[in-house]
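Undergrad: Here you go, one structure.
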Amino acid sequence: ELKVEQNPLFLSMQEGKNYTIYCNYSTTSDRLYWYRQDPGKSLESLFVLLSNGAVKQEGRLMASLDTKARLSTLHITAAVHDLSATYFCAVSWGGATNKLIFGTGTLLAVQP
Amino acid sequence: DTEVTQTPKHLVMGMTNKKSLKCEQHMGHRAMYWYKQKAKKPPELMFVYSYEKLSINESVPSRFSPECPNSSLLNLHLHALQPEDSALYLCASSYGTANNEQFFGPGTRLTVL
Chain P
1 ELKVEQNPLF LSMQEGKNYT IYCNYSTTSD RLYWYRQDPG KSLESLFVLL SNGAVKQEGR
61 LMASLDTKAR LSTLHITAAV HDLSATYFCA VSWGGATNKL IFGTGTLLAV QP
Chain S
113 DTEVTQTPKH LVMGMTNKKS LKCEQHMGHR AMYWYKQKAK KPPELMFVYS YEKLSINESV
173 PSRFSPECPN SSLLNLHLHA LQPEDSALYL CASSYGTANN EQFFGPGTRL TVL
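Given below as structure tokens:
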């Protein structure tokens with residue numbers, strides 16, 4: 001069965017500095033998603049990565065996918081307080097069933 | 113309309129109550145999903161409906177009973193729940209089930225006393 005691991009689980013960031021979250025998955029998958037979740041809220045879609053080498057950027061966040069290494073990264077540039085949230089990666093598994101397997105989540109806290 | 117809506121936002125129920133959660137989308141999506149999310153944990157898939165038929169049941173206890181009356185509506189009927197069932201219940205929809213992006217609703221925060 002597909003397993004998805006994220007690290008770190010918790011990241012205390014200083015404003016203005018750069019950080020990276022890693023997402024590893026255990027079996028071949030067709031696509032990978034990154035979501036943001038604020039406390040008590042639902043999931044906000046950030047990125048959909050469809051192919052090897054895919055890179056997407058939105059503001060201070062950049063996501064990339066290496067399907068050969070089964071690794072995705074979410075890079076944060078010059079962290080700001082507004083980015084404090086929990087970030088999940090999720091891998092689509094099972095083809096036609098569209099089953100999403102979520103990573104453990106990374107709680108980001110940006111300190112002034 | 114490009115969103116998934118869920119009602120109620122919050123629900124408190126006793127272990128002997130029967131209640132229902134409702135999810136609606138008007139995006140023409142033909143697949144709908146229920147997820148359960150405990151505090152500080154990732155969402156876990158419960159059920160998948162594809163073209164109004166149940167296609168996945170992730171070994172969910174029978175006290176949770178899903179229903180898909182039409183392509184826009186998904187219900188989750190609750191009966192004889194346990195306190196450990198308290199969680200955020202998220203509904204999602206996608207155009208189809210073949211690797212299509214899922215769009216999530218705002219969730220229902222359920223507390224079982």
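Read top to bottom, the protein sequences are chains P and S.
All residue numbers for the first sequence refer to our numbering, where the first residue is 1 and numbers rise by one.
All residue numbers for the second sequence refer to our numbering, where the first residue is 113 and numbers rise by one.
Don't be surprised by glycine CBs; every beta carbon is placed ideally from N, CA and C.
Glu-196 of chain S by DSSP, collapsed to three states: which one?
TA: Reduced to three states, the DSSP call for Glu-196 of chain S is helix.
Undergrad: Rounding to the nearest angstrom, what Cα-Cα distance links Leu-190 of chain S and Val-124 of chain S in this structure?
TA: Using only the alpha carbons, I get a separation of about 12 Å.
Undergrad: Checking the sheet assignment: what are the DSSP bridge partners for Asp-66 of chain P?
TA: Bridge partners of Asp-66 of chain P: P:Leu-71.
Undergrad: Leaving out the 5 sequence neighbours to the left and right, which residues in its chain are closer than 8 Å to Leu-166 of chain S when beta-carbon positions are compared?
TA: Once the five neighbours on either side are set aside, the close Cβ partners of Leu-166 of chain S are Phe-159, Val-160, Pro-178, Cys-180.
Undergrad: What is the DSSP secondary structure of Thr-119 of chain S, reduced to helix, strand or coil?
TA: If DSSP states are grouped into helix, strand and coil, Thr-119 of chain S belongs with the strands.
Undergrad: In angstroms, rounded to a whole number, what distance separates the CA positions of Gly-140 of chain S and Glu-196 of chain S?
TA: Answer to the nearest angstrom: the Cα atoms are 34 Å apart.
Undergrad: Candidates P:Ser-12, P:Leu-9, P:Cys-23, P:Gln-14: which alpha carbon is nearest Ala-90 of chain P's?
TA: The residue with the shortest Cα to Cα distance from Ala-90 of chain P is P:Cys-23.
Undergrad: Check whether the Cβ of Asn-7 of chain P lies closer than 8 Å to any Cβ atom in chain S.
TA: False, the Cβ-Cβ gap to chain S never drops below 8 Å.
Undergrad: Who does Pro-178 of chain S pair with in a DSSP beta bridge?
TA: Pro-178 of chain S pairs with S:Leu-188.
Undergrad: Would you mind giving the Cβ-Cβ distance between Thr-86 of chain P and Gly-105 of chain P, rounded to the nearest angstrom? I have them listed as a contact below 8 Å.
TA: Correct: roughly 5 Å between the Cβ atoms.
Undergrad: I'd like to know if Gln-194 of chain S contacts chain P, where contact means its C-beta is closer than 8 Å to some C-beta of that chain.
TA: Chain P contact via Cβ: absent.
Undergrad: Under a three-way DSSP split, which group does Thr-86 of chain P fall into?
TA: The answer is strand: DSSP assigns Thr-86 of chain P an E or B state.
Undergrad: Are the region 60-70 of chain P and the region 117-131 of chain S touching by the rule of at least three beta carbon pairs closer than 8 Å?
TA: No: the two stretches stay apart, fewer than three of their Cβ pairs being nearer than 8 Å.
Undergrad: Mind checking whether the beta-carbon of Ser-174 of chain S lies closer than 7 Å to any heavy atom of the ligand SAH?
TA: This structure simply doesn't include the ligand SAH, nor any ligand for that matter.
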